[in-house]
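Quick notes on the structure that follows.
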Amino acid sequence: MSPRTPRTSRSASRRTGLRPAVAQAAPPEARAALALRLQDARVALDRAERTLAQVRRLQSGADDDEHDPDGVPLSFEWSKAMAVRDQARAQVASLEDAAARADAGTFGVCSRCGRLIDPRRLAARPDATLCIDCARRG
Numbered sequence: 014m015s016p017r018t019p020r021t022s023r024s025a026s027r028r029t030g031l032r033p034a035v036a037q038a039a040p041p042e043a044r045a046a047l048a049l050r051l052q053d054a055r056v057a058l059d060r061a062e063r064t065l066a067q068v069r070r071l072q073s074g075a076d077d078d079e080h081d082p083d084g085v086p087l088s089f090e091w092s093k094a095m096a097v098r099d100q101a102r103a104q105v106a107s108l109e110d111a112a113a114r115a116d117a118g119t120f121g122v123c124s125r126c127g128r129l130i131d132p133r134r135l136a137a138r139p140d141a142t143l144c145i146d147c148a149r150r151g
């Protein structure tokens, strides 16, 4: 298989001898949990964007804060705010992808082996794309 060819449930079933899971709609409780997590992630992203804007305003009016012995340098605050924002963006994107899979009927199906992902794993990580066995293998 070339590196550009995506792995599908069908090819996974040939490799493992397992039949792929039948696509099905996500249960209502899974959709509700996913929607709640997505809402929380969007709030966190908005908060991170506001923090970043605040640090940006502080930087624009600041002189050289790198040598202030009493304070944390704004460059450190900027780096921290950027990391939090990037993490929040990634979380929102991951949960939006999970919502798309729920709409497509592939939510809860392992993208590597094609088996169903344990509902307990989905309760903990609704954006999981791998079953626990495939996730352990890396």
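Numbering of the sequence shown is given in our numbering, commencing with residue 14 and proceeding in unit increments. For glycine and all other residues, C-beta sits at the position ideal for the given N, C-alpha and C. Source: prediction; values computed, not measured.
*asked:* Count Cβ pairs between the stretch 113–127 and the stretch 51–70 that sit closer than 8 Å; are there 3 or more?
replied: no
*Would you please state the rounded distance, in angstroms, between the beta carbons of Leu-49 and Ala-115? I believe it to be under 8 Å.*
Actually they do not touch by this definition, with Cβ atoms about 13 Å apart.
*Kindly give me the distance between the Cβ atoms of Glu-72 and Trp-91, rounded to whole angstroms, as I take these residues to be in contact under 8 Å.*
Checking the sequence, you will find Gln at residue 72 rather than Glu. Contact between Gln-72 and Trp-91 holds, with the beta-carbon distance rounding to 7 Å and staying under 8 Å.
_Cβ-based neighbour list, Leu-135, same chain, cut-off 7 Å, excluding 5 preceding and 5 following_ = Ala-43, Gly-121 and Ala-141
*When the Cα atoms are used, what is the spatial distance from Met-95 to Pro-132?*
Straight-line Cα distance between these residues: approximately 33 Å.
*Any chance the CB of Arg-114 is under 8 Å from a heavy atom of the ligand SAH?*
Looking at this structure, you won't find the ligand SAH or any other ligand, since it has none at all.
*asked:* Between which two residues does the alpha helix (DSSP H) holding Pro-132 run?
replied: 132–137
*Which partner residues of Thr-49 appear in the DSSP bridge assignment?*
For the sequence presented, residue 49 should be read as Leu rather than Thr. Answer is none; Leu-49 lacks a bridge partner.
_For Val-68, count the other beta carbons within 10 Å of its own beta carbon; 16 or more makes it buried, fewer makes it exposed. Which is it?_
buried
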